[in-house]
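Structure first, then comments.
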Amino acid sequence: SKCARAYDYIVVGGGTAGNAVAARLSQGLPQSSILVIEAGPAAPAELNINVPGKKGSTLGTKYDWNFTTVAQPHLKNRVIGVNRGKVLGGSSALNLMCYDRAAAAEYDMWEEVGNPGWNWDSMFAAMTKAENYTGGPAGSGTSGPIHAVVNRVVPAHQQPFIPAVSGNFDIPENDDSLQGHAIGVMFQPSSIDPTHYNRSYSANGYLPGAGPNLKIMTDTTVAKINFKAVGSRQRATSVTLQNGTTICARHEIVLSAGAVQSPNLLELSGIGQAPVLGAANITQLIDLPGVGENYQDHLRIQTSYQLKDEYTSFDMLKYNSTAVTAEMDKWLAGDVSLYDYTGSGFIFANWKQVNGGDDSQLKALAQAIVDNSTDVGHRKKLEQLNDPAIPQVEVIFSDGYTGVKGYPAAGSALFGKGFFTLIAGLMHPMSRGSVHISPADPLGKPTIDPRYLDNEYDVQALVDAVKFCRQVALAEPLRSVWVSEYEPGLDLVQTDAQWRDFVLNTTLSIYHPIGTTAMLPREDGGVVDPSLMVYGTTNLRIVDAGVFPVQISAHIQTAIYGIAERAAEMIIAAAQ
Ligand SMILES: Cc1cc2nc3c(=O)[nH]c(=O)nc-3n(C[C@H](O)[C@H](O)[C@H](O)COP(=O)(O)OP(=O)(O)OC[C@H]3O[C@@H](n4cnc5c(N)ncnc54)[C@H](O)[C@@H]3O)c2cc1C
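Listed below in structure tokens is the structure:
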């Protein structure tokens, strides 16, 4: 079909990775033309995105694709939200700004599973190239486009968190957790620009540094990628937009639509497994069974505590309209405000640290899964369990009520009270799921089935993680700041059966899907090779969270920026 326009490089998806790779290409290839196509709008002045304390307020809005899983049979048939950014900046505009890194050995595993050059050293260099960490330890990035800083608002009732953990558990205080040794209890930064105390994300971080050769189309959705056969491989020549327009690419197309939608776009373009394509009446161009498989995520579970009345929590902004106005005025004026707040207290621990020195039960459960699996990712998870330097559980000190049953209703006895929440994240669940186009409506919402908790390891791990949250809350001096456990309730949940039920009723995703276009050997279910090129194509790369081969024990944005930096270096080198 005819080209309405042509560019040297087309990046599909102006999200976290897409804007990063596009801006770097525009700088490194000043003679080339680069186009970013983003389905959502640009929203540079949107306070719900820019103000750190308004994090979460964009979920369910026009800036969110609002995907959901299919009913999860092992979570009592609950449907779990899969929120994804639909705005220039993608999910980096919606995320909760936690900014950290996993243990060095976890990035080295990417190389061990068949990706030469992808290891801690190369990823650390790439992640710090993306970074400008004010007040970070030696070795942090200081001139990259994404800002990081430890939040200047630390509520008084968070002060006892670190002493309670380091004083009562075998978990050391660690001031250096972004340098490859992740274990400990610590303050960690958020992706915030301390100049104005606003969210730092791919749209306001990378794009201002791009050259005039970068063009951005917003509110524009790509429907498919078109190919031309070159010998036994396929060359990506153009994209077709949802309105039927065709835009041509002279050199390469980069797919950065995220771990949910990049595999969908491959399928819509004829790349994927035969049954999925056949059911949607799509002609198969490349048989790639790994497309949309290997969906891995982090899971969350939490306990919440009602504070003594002398403490003021972030909850105030839920019920006190005078405080809302006053704090927003302070934020707008650049003064210290409650609206600066993001979480800064974290624990990253292995199972022995969580379970009083004994990790035998969880290891046996994991071993049983690996014994019945040929999956390379499962084998790596067992290796991770055996390495005490690799965290299995994260606990976030979250000020205010951020649980599942809801803040007390207006008029109820606890309305107007303050809370804090300990959110546990399970870092290496064993479950694997999938995301595919829906046969009935291939251009509509995808069918997402993460198969959460489909194995006993994940269930028991969540039980242990949430019991650990309570133990931390009960440890002094933290015990002295609260009056009662609001959720689940000290009296209501005590036995293992009750904890198990609480897990099945309240476990949620912590929004980190990865692996659905994995960088792995083709025979292991891989979709891209170590240069991020889709197998069977000559010039289609994927640059987003989908290429992670194995999940890491960290919030994933730093690794995604690192992948984008490395991808840009490869594409620029290939062009020169
Ligand atoms: C609510 C939430 C909280 C999170 N909290 C944290 C956190 O605190 N710390 C952290 O490190 N990580 C966090 N994450 C995870 C992290 O932000 C994301 O994993 C990451 O931003 C994903 O980057 P990406 O480039 O893979 O995809 P995205 O950033 O999602 O980018 C994909 C882009 O492609 C666009 N797109 C999709 N399909 C098309 C199409 N057909 N045509 C055109 N454009 C298209 C989308 O609109 C989007 O802009 C969170 C995520 C969410 C959703």
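Numbering-wise (the numbering used here), the sequence shown opens with residue 1356 and increments by one. In this text, a Cβ means the ideal position worked out from N, Cα and C, and glycines have one as well.
Burial of Val-1905 is indicated by the presence of at least 16 other C-beta atoms within 10 angstroms of its C-beta. Residue range 1654-1662 is occupied by the beta strand (DSSP E) that includes Gln-1661. Closest in alpha carbon position to Tyr-1462, among Glu-1840, Gln-1739 and Val-1848, is Gln-1739. Rounded to whole angstroms, Leu-1737 and Gly-1535 show a C-alpha spacing of 20 Å. Of the other Cβ atoms in all chains shown, 16 or more fall within 10 Å of the Cβ of Pro-1544; this residue is therefore buried. In the displayed model, Phe-1823 falls within a helix according to three-state DSSP. For Phe-1774, the enclosing beta strand (DSSP E) starts and ends at 1774-1781.
Counted as a single uninterrupted DSSP element, the alpha helix (DSSP H) harbouring Leu-1672 occupies residues 1671-1674.
At a Cβ-Cβ threshold of 8 Å, Ser-1611 and Ala-1378 do not count as neighbours. Contact check for Ile-1501 and Tyr-1916: beta-carbon distance about 6 Å, within the 8 Å limit, so the pair qualifies. In this structure, DSSP gives Asn-1810 a state outside helix and strand, which the three-state scheme calls coil. In this structure, His-1783 has its beta carbon at no less than 7 Å from each heavy atom of ligand 1. Annotated three-state conformation of Met-1925 is helix, per DSSP.
By the CB criterion at 8 Å, His-1653 and His-1867 fall inside the cutoff. In the three-state scheme derived from DSSP, where H, G and I count as helix and E and B as strand, Gly-1586 is classed as coil. Nearest to Pro-1428 by C-alpha distance, out of Gly-1901, Asp-1809 and Asn-1894, is Asp-1809. Distance check between Ala-1928 and each of Val-1367, Leu-1384 and Lys-1357 places Leu-1384 closest, using alpha-carbon atoms only.
By the C-beta criterion, the segment 1469-1478 is judged not to be in contact with the segment 1394-1413, since fewer than 3 inter-stretch pairs fall below 8 Å. Cys-1453 and Thr-1658 have their C-alpha atoms spaced approximately 19 Å apart. The distance from the Cβ of Arg-1855 to that of Val-1814 is about 7 Å, consistent with a contact at the 8 Å cut-off.
In the DSSP assignment, His-1867 forms no beta bridge with any residue. Distances taken from the Cβ of Arg-1439 to the heavy atoms of ligand 1 include one shorter than 7 Å. Scanning its chain for C-beta atoms nearer than 7 Å, with the 5 sequence neighbours on each side dropped, one finds around Pro-1832 the residues Pro-1515, Pro-1518 and Ala-1519, in chain order. Of the residues Ala-1779, Glu-1749 and Lys-1441, the one whose Cα lies closest to the Cα of Gly-1758 is Ala-1779. Burial is judged here by how many other beta carbons sit within 10 angstroms of a residue's own beta carbon; Pro-1471 has fewer than 16 and is exposed. Contact between Val-1540 and Ile-1702 is confirmed by a C-beta separation of about 5 Å, below the 8 Å threshold. Residue range 1748-1754 is occupied by the beta strand (DSSP E) that includes Ser-1753, with no alpha helix (DSSP H) assigned at that position. Apart from the 5 residues on each side of it in sequence, Tyr-1561 sits with its Cβ closer than 6 Å to the Cβ of Asn-1374, Ala-1375, Ala-1378 and Pro-1500 in its chain, given in chain order.
Using a C-beta cut-off of 8 Å, the segment 1683-1692 makes no contact with the segment 1917-1925, since fewer than three inter-stretch Cβ pairs fall below that distance. The distance from the Cβ of Ser-1617 to that of Ile-1897 is about 6 Å, consistent with a contact at the 8 Å cut-off.
Distances taken from the Cβ of Asn-1487 to the heavy atoms of ligand 1 include none shorter than 7 Å. Judged by DSSP in its simplified three-state form, Phe-1479 adopts helix.
Between Pro-1746 and Ala-1565, the beta carbon gap of about 36 Å keeps them out of contact (Cβ cut-off 8 Å). Residue burial is scored here from C-beta neighbours: Phe-1770 has fewer than 16 other C-beta atoms within 10 angstroms and is therefore classed as exposed.
Exposed is the label assigned to Gly-1586, since fewer than 16 other Cβ atoms lie within 10 Å of its Cβ.
For Thr-1416, the CB stays at least 7 Å from every heavy atom of ligand 1.
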